[in-house]
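Engineer:
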Amino acid sequence: MDRLQTLEMFVAVADRGGFAAAAKAQNVSPPTVTRAISALEERLGVSLFHRSTRAVALTDDGASFLPRARQILADIQDAERRVSGAQSEPRGQFYVTAPVMFGRLHVLPVIAAMLEQYAQLDVRMMLIDRNVRMVEEGIDVAVRIGPLADSSLLAVPIGFVRKKLVASPAYLARHGHPEKPSDLSRHQTIGTTGPRAMGEWRLDDKRVKTEPRLLLNTMDATVAAAEAGLGIANLLSYQVEEPIRQGKLIEVLEPVDPQLLPVNLLFESARRSLPATRIFIDAMKDRAMDQGLTRLGGA
819 MDRLQTLEMF VAVADRGGFA AAAKAQNVSP PTVTRAISAL EERLGVSLFH RSTRAVALTD
879 DGASFLPRAR QILADIQDAE RRVSGAQSEP RGQFYVTAPV MFGRLHVLPV IAAMLEQYAQ
939 LDVRMMLIDR NVRMVEEGID VAVRIGPLAD SSLLAVPIGF VRKKLVASPA YLARHGHPEK
999 PSDLSRHQTI GTTGPRAMGE WRLDDKRVKT EPRLLLNTMD ATVAAAEAGL GIANLLSYQV
1059 EEPIRQGKLI EVLEPVDPQL LPVNLLFESA RRSLPATRIF IDAMKDRAMD QGLTRLGGA
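Numbered per my numbering, the sequence shown spans residues 819 to 1117.
#1: Which residues mark the beginning and the end of the beta strand (DSSP E) in which T1007 is found?
#2: Residues in the same chain with beta-carbon distance under 6 Å from I894, minus the five sequence neighbours each way, listed in chain order, please.
#3: Which one of E955, N949, V953, I957 has the shortest CA to CA distance from P965?
#4: Going by Cα to Cα distance, which pick from Q1064, L1079, L1021, Q1077 is closest to F1051?
#5: Is DSSP giving D940 helix, strand or coil here?
#6: Smallest Cα separation from S856: which of A1042, I963, A930, R869?
#7: In the structure shown, what three-state DSSP assignment does H995 receive?
#8: Would you kindly check if the distance between the Cβ of T1007 and the Cβ of G1030 is under 8 Å?
#9: Have a look at G863, V974, K981 and flag the residue whose alpha-carbon is nearest the alpha-carbon of V1058.
#10: Count the C-beta pairs between the stretch 905-923 and the stretch 1087-1101 that are closer than 8 Å, then say yes if the count reaches three, no if not.
#11: Please state if the CB of N1082 and the CB of A973 are separated by a distance shorter than 8 Å.
#12: Which residues in the same chain as T824 place their Cβ atom closer than 6 Å to its Cβ, once the five residues preceding and following it in sequence are excluded?
#13: Taking Cβ to Cβ, would you say D879 is nearer than 8 Å to L866?
#14: Tell whether a beta-carbon distance below 8 Å holds between I929 and V941.
#15: Provide the residue span of the alpha helix (DSSP H) that contains I1097, from first to last.
#16: May I ask you to list the residues that DSSP assigns as paired with H924?
#17: Out of P999, T1040, A1042, D1038, which one is the CA nearest neighbour of T1028?
#18: Could you tell me whether the Cβ atoms of V846 and R888 are closer together than 8 Å?
#19: Might you give, ordered along the chain, the residues of its own chain that have their beta carbon closer than 6 Å to the beta carbon of L1084, omitting 5 neighbours on each side?
#20: Going by CA-CA distance only, name the one from V1041, W1019, N1035 that's closest to D947.
#21: Please state whether the Cβ-Cβ distance between P996 and L933 is less than 8 Å.
#22: For V914, tell me which candidate among L1048, V1041, A937, M1102 has the shortest Cα-Cα distance.
#23: Mapping the DSSP letters down to three states, classify T915 as helix, strand or coil.
#24: Here's the rule: buried if 16 or more other CB atoms are within 10 angstroms of the residue's CB, otherwise exposed. What is G1009?
#25: What do you reckon, are the CB atoms on L1048 and L1033 nearer than 8 Å?
#26: Output the distance between the C-alpha atoms of A1039 and A840, rounded to the nearest integer angstrom.
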């Protein structure tokens, strides 16, 4: 068995937490995977996994080796794709990640159109409200909202969004409209957990402490809770554009924050020339313009 196959099996065992699951994913027998990992450990002179009858877990050496193994496989895949990238039509696997709601509303329609047009293209979408490690996860393009950390990744800006405080007409009819940020202390607020979790809201360059009675872990649920009249929610413009248009939500304290949050597409420089990357970026630019994200603050 060659070293590339061995590395693929090592990563598969680490990802799936077992030899049998890895064997199924690699379409080989469990003993084949077991022998391959044993041979790899013997060659490296270390143990890569703790083995028990119930579970398989990475050792410290295995955890240290895993990102390097992923990088090797990603580099080989990238080299193969760069060669085939001389062709104008995208093919093979394309990996993209985005925040959940933004991905559902804006990335999925672009991906659907690409799949319809390019029969040899397969796409893996990871919709998650946190930043994933692009190199380790083999991501081609990531959608990021907000300020970017310094990195070697390339960034293409496609638009902006802004914060909005919203509540349902029924809630405001019962509790009234806040006229200034300090009025929020007498209102029910809806909070979020995860990346945008906060114990205070920034409003007009001031920070207002909030003590939400309801905490939710997804933006979809937060929008639904606001529509149900459970309080005032702090969301992003693209998340509430449709409910506001339909009259289900009303913006209060407009504008609550003059800061615009950029929407960027991130990718490694090596992936810039790949047909799928180029086509996806161009399509996302067009969609952002069509949906008003290129106007100041979006919707």
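Idealized CB from N, CA, C, for every residue including glycine.
Structural biologist: Let me spell this out:
#1: Here residue 1007 refers to the residue found at position 189 of the sequence shown. 1007-1010 is the span of the beta strand (DSSP E), which, as asked, contains T1007.
#2: Indexing the sequence shown from 1 puts residue 894 at position 76. Excluding residues within five positions, none has a Cβ falling inside 6 Å.
#3: Locating residue 965 in the sequence shown gives position 147, counting from the first residue. Taking only the C-alpha atoms, the option nearest P965 is N949.
#4: As a working mapping, residue 1051 is identified with position 233 in the sequence shown. The identity of residue 1051 in the sequence shown is Ala, whereas the question assumes Phe. Checked all of Q1064, L1079, L1021, Q1077; the closest Cα to A1051 is L1021.
#5: By one-based count along the sequence shown, residue 940 stands at place 122. Three-state DSSP puts D940 in a strand.
#6: For the purposes of this step, residue 856 is taken as the residue at position 38 of the sequence shown. Cα-wise, what sits closest to S856 is R869.
#7: Stepping through the sequence shown from its first residue, residue 995 is reached at position 177. Of the three classes helix, strand and coil, the one that applies to H995 here is coil, per DSSP.
#8: By one-based count along the sequence shown, residue 1030 stands at place 212. By one-based count along the sequence shown, residue 1007 stands at place 189. With the sequence shown as reference, residue 1030 is identified as Pro, and Gly is not the correct amino acid for it. Yes, they are a contact pair.
#9: Indexing the sequence shown from 1 puts residue 1058 at position 240. Considering only alpha carbons, the answer is K981.
#10: yes
#11: The sequence position of residue 973 within the sequence shown is 155, counting from 1. The sequence position of residue 1082 within the sequence shown is 264, counting from 1. Against a cut-off of 8 Å, the Cβ pair of N1082 and A973 comes out as a contact.
#12: Mapped onto the sequence shown, residue 824 falls at position 6. Taken in chain order, the residues that qualify are A854, L858.
#13: Taking the first residue of the sequence shown as position 1, residue 879 is located at position 61. Taking the first residue of the sequence shown as position 1, residue 866 is located at position 48. Going by C-beta atoms, D879 is nearer than 8 Å to L866.
#14: As a working note, residue 929 is residue 111 in the sequence shown. As a working note, residue 941 is residue 123 in the sequence shown. Cβ atoms of I929 and V941: closer than 8 Å.
#15: If you number the sequence shown from 1, residue 1097 lands on position 279. First-last of the alpha helix (DSSP H) with I1097: 1093-1108.
#16: Against the sequence shown, residue 924 aligns to sequence position 106. H924 is not bridged to any residue.
#17: For the purposes of this step, residue 1028 is identified with residue 210 of the sequence shown, where counting begins at 1. Out of P999, T1040, A1042, D1038, P999 has the C-alpha closest to the C-alpha of T1028.
#18: The residue given as residue 846 occupies position 28 in the sequence shown. The residue given as residue 888 occupies position 70 in the sequence shown. No, the pair does not count as a contact, with Cβ atoms beyond the cut-off.
#19: As a first step, residue 1084 is located in the sequence shown; it is residue number 266 there, counting from the start. Closer than 6 Å at the Cβ level, and outside the excluded window around L1084, lie A960, R962, L971, A973.
#20: Residue 947 sits at position 129 when you count from the first residue of the sequence shown. Out of V1041, W1019, N1035, N1035 has the C-alpha closest to the C-alpha of D947.
#21: Within the sequence shown, numbered from 1, the residue matching residue 996 stands at position 178. Within the sequence shown, numbered from 1, the residue matching residue 933 stands at position 115. Cβ atoms of P996 and L933: not closer than 8 Å.
#22: Within the sequence shown, residue 914 is the residue found at index 96, counting from 1. Nearest C-alpha to V914: M1102.
#23: Reading the sequence shown from its first residue, position 97 is the one you call residue 915. Reduced to three states, the DSSP call for T915 is strand.
#24: To locate residue 1009, count along the sequence shown from 1; it is residue 191. Buried.
#25: As a working note, residue 1048 is residue 230 in the sequence shown. As a working note, residue 1033 is residue 215 in the sequence shown. Taking 8 Å as the Cβ cut-off, L1048 and L1033 do not qualify as a contacting pair.
#26: Here residue 1039 corresponds to residue number 221 of the sequence shown, with the count starting at 1. Here residue 840 corresponds to residue number 22 of the sequence shown, with the count starting at 1. If I take the Cα positions, the gap works out to 35 Å.
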